[in-house]
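Going down the list, the protein sequences come from chains S and A.
Taking this note's numbering, I'd label the letters of the first sequence as residues 433 to 693.
Taking this note's numbering, I'd label the letters of the second sequence as residues 433 to 693.
All residues carry an ideal CB built from backbone N, CA and C; glycine is no exception.
Have a look at the structure below, then the notes.
2 protein chains.
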Amino acid sequence: MTVASSPLAFRQLVRAGRFTAQTAGQCPGYTQGNLAIMPGEYADEFLRFARLNPKSCPVIGITKVGDPAVPELGEDIDLRIDVPGYCLFRDGEKVAEVPHLRELWRDDLVGFVIGCSLSFEEALLEGGVPVRHIEQNTTVPMYDTNRPNGTAGRFGGMGVVSMRPMTAAQAIRAVQITSRFPSTHGAPVHLGDPAEIGIADIDAPDYGEAAEIRPGEIPVFWACGVTPQQAIRSARLPFAITHKPGHMLVTDVRNSHLAVF
Amino acid sequence: MTVASSPLAFRQLVRAGRFTAQTAGQCPGYTQGNLAIMPGEYADEFLRFARLNPKSCPVIGITKVGDPAVPELGEDIDLRIDVPGYCLFRDGEKVAEVPHLRELWRDDLVGFVIGCSLSFEEALLEGGVPVRHIEQNTTVPMYDTNRPNGTAGRFGGMGVVSMRPMTAAQAIRAVQITSRFPSTHGAPVHLGDPAEIGIADIDAPDYGEAAEIRPGEIPVFWACGVTPQQAIRSARLPFAITHKPGHMLVTDVRNSHLAVF
């Protein structure tokens, strides 16, 4: 399953066009990041949005204007070619999926790398908390909520959450584990009754696939990286790029190094 | 409300017989402890019971045999006279409440001081989590559960929990806050459905008073210091002494010094 011996070796496969699949399970122990690229004129506003919504939008890397490097996440990283799939948006509409950005990159673009739940799921498993959608090899269920994001200019909208079912004792343990990782969404934002955060039907996620909630289990909800993606779409930027869902940037940063205590 | 300027000054009032009430609210910021005194022949077994059940029975001080001092909790502490009320048990039955142990103390006795929830409730309030039974000036509701304690010789029985109602977001925050205080019961042991831990009627606590659970709130359950008291009673020791409920030992240890991170 693992195709490379290191994040660098993995990125070299991606650059060569020899890895184009989802990145879950690749380079275990290393942080993977969501990607958001936009013209520099919107970048300061987006950074303020991220600052206002740190649980859903934890920025772990930012490029300089026009420079696709993110040296804090890996000396060689080039956001134009290091992600195995990209989505191109114009005026808030997805217009294409592309394998690289060699032709699309522009000297006014700024790239944001945002922490993702793969990191804390690894910590949950190591901490003895099973993760249903990993066990069942499905996509985590995600839901629109009735909780408004902090708004910065054109970036706003409502929060999106991911859900993992578990027992109450596991939920308590999961709070402890994920609290250590504020840069990958941190502690849950809700647990128990889905209606409290505006979710009408837990079996009908807005994104991803439904996850079975067994007797004695409760749903536990985390802030989700789809939140900034939705904010970017609803801001209707004339030009924006994200990673293709599930196709992340694999960085040189160890998940364990993101732990705050 | 506060009657003394320091734990030492407070203990001097207790020794003089001038303070005989419950200790909640006295010497804010300082750790209060539950008390269990028994003949030394049972002490090693009780310590093993405590070790097996650290969340309900977090030992923060132990005396030498026959010596009522606990210098790690306060240089001057004398367990015979520093607690504002004691219960005397013979063969597991409560036979008297006494104001001091001057006549009852024996040279074979060992005293245990056990961390209590007053410490973490102070941390909850400081952390922005309201505590219903403090707001309403009632006794925290406590319940027998269907969760067996770890057993050491004659000490066993079922776990007892205390309950505080709060919103899910407050419960997540409460897990973070109380996880820092393993020596005062630590993180919750359960949240949500009371039936999962054998509680049939949340409005009918086995000890203390019922607490209102408002719409949007869930019950959150912590291991409780009544657990070791019940274990001592059910072990039917020929002779044992505990503090009178609510009448704790006030120590020189700051609550904040008990935090593990």
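Cβ atoms of residue j and residue i: under 8 Å apart, would you say?
i	j	result
S:Gly648	A:Glu628	yes
A:Phe544	A:Phe587	no
A:Val515	A:Leu484	no
A:Ala606	A:Val652	yes
S:His675	S:Leu681	yes
A:Val593	A:His622	yes
S:Pro637	S:Pro573	yes
S:Lys487	S:His617	yes
A:Gly678	A:Ala456	yes
S:Leu511	S:Val502	yes
S:Leu541	S:Pro471	yes
S:Gly630	S:Thr583	no
S:Glu567	S:Pro597	no
With DSSP as the reference, label residue i as helix, strand or coil.
i	result
A:Arg538	coil
S:Arg579	strand
S:Ala584	strand
S:Pro562	coil
S:Ile673	strand
S:Tyr528	Looking at the sequence shown, residue 528 of chain S is not Tyr but Ala. The answer is strand: DSSP assigns S:Ala528 an E or B state.
A:Ser437	coil
S:Phe552	helix
S:Leu479	helix
S:Pro626	helix
A:Ser488	coil
A:Leu505	helix
A:Thr616	helix
A:Ile645	coil
S:Leu445	helix
A:Gln662	helix
S:Asn466	strand
S:Ile398	This structure gives no information on residue 398 of chain S, because the portion of chain S shown stretches from 433 to 693.
A:Gly472	helix
A:Ala600	helix
S:Ala632	coil
S:Ala453	coil
S:Ala655	strand
A:Leu533	coil
S:Arg668	coil
Against residue i, what residues of chain A qualify as contacts under a CB-to-CB distance less than 7 Å, listed in chain order?
i	result
S:Ile650	Gly624
S:Glu628	Ala600 and Gly648
S:Ile469	Neighbours of S:Ile469 on chain A: none; closest Cβ ~33 Å, over 7 Å.
S:Ile673	Going along chain A, no residue has its Cβ under 7 Å from S:Ile673, so there is no contact; the nearest lies around 34 Å.
What does residue i touch in chain S if you count any residue whose Cβ is under 7 Å from its own?
i	result
A:Phe693	Phe693
A:Gln608	Val607, Ser611 and Ala619
A:Ala655	Going along chain S, no residue has its Cβ under 7 Å from A:Ala655, so there is no contact; the nearest lies around 12 Å.
A:Ala555	Correct list: empty, because the minimum Cβ distance to chain S is about 15 Å.
Express the C-alpha separation of residue j and residue i in angstroms, rounding to a whole number.
i	j	result
S:Tyr474	S:Asp523	13 Å
A:Leu440	A:Asp508	8 Å
S:Ser549	S:Cys656	8 Å
S:Phe671	S:Leu520	8 Å
A:Glu554	A:Thr495	27 Å
A:Ala600	S:Gly547	24 Å
S:Asp625	S:Ala632	10 Å
S:Glu535	A:His689	59 Å
S:Ile673	S:Asp499	15 Å
A:Gly560	A:Gln454	25 Å
A:Ala691	A:Pro614	8 Å
S:Ala693	A:Arg612	It should be noted that the sequence gives Phe, not Ala, for residue 693 of chain S. Each residue's alpha carbon lies about 11 Å from the other.
A:Leu533	A:Ala667	22 Å
A:Ile469	A:Tyr575	24 Å
A:Ser551	A:Asn687	6 Å
Ordered along the chain, which non-local residues of its own chain (more than five positions away) have a Cβ less than 7 Å from that of residue i?
i	result
A:Ala663	Phe481, Asn581, Phe587, Gly588 and Gly589
S:Pro531	Gly449, Thr452 and Gly517
S:Arg665	Phe521 and Gly524
S:Asp635	Ala642
Give me, in chain order, the residues of the same chain whose beta-carbon lies closer than 8 Å to that of residue i; leave out the 5 immediate sequence neighbours on both sides.
i	result
A:Thr434	Gly457, Gln458, Cys459 and Pro460
S:Leu505	Thr463, Gly465, Ile492, Gly493, Val545, Leu681, Thr683, Asp684 and Val685
S:Pro620	Ala603, Ala606, Val607, Thr610, Val652, Phe653 and Trp654
S:Leu445	Val435, Ala436 and Phe451
List the residues of chain S that residue i touches, going by C-beta distances under 9 Å, in chain order.
i	result
A:Ala584	Here the premise fails: no neighbours, minimum Cβ distance about 23 Å.
A:Ile645	Neighbours of A:Ile645 on chain S: none; closest Cβ ~12 Å, over 9 Å.
A:Ile634	Residues of chain S passing the Cβ test: none, with the nearest at roughly 14 Å.
Skipping 5 residues on each side, what residues in its chain have a beta carbon closer than 6 Å to that of residue i?
i	result
A:Met595	Pro573, Pro651 and Phe653
A:Arg447	Ile513
S:Thr571	Gly640 and Glu641
If the cut is a Cβ gap below 8 Å, which residues of chain A does residue i touch?
i	result
S:Ala501	Neighbours of S:Ala501 on chain A: none; closest Cβ ~35 Å, over 8 Å.
S:Ile631	Per Cβ cutoff of 8 Å: no residues; S:Ile631 is ~13 Å from chain A at best.
What in chain S is Cβ-close to residue i, meaning under 8 Å?
i	result
A:Ile492	Within 8 Å Cβ-Cβ: nothing; A:Ile492 doesn't reach chain S, min ~22 Å.
Check the Cβ-Cβ distances between residue i and every residue of chain B, and say whether any is below 8 Å.
i	result
S:Ala603	As a matter of chain content, chain B is missing from the structure shown, whose protein chains are S and A.
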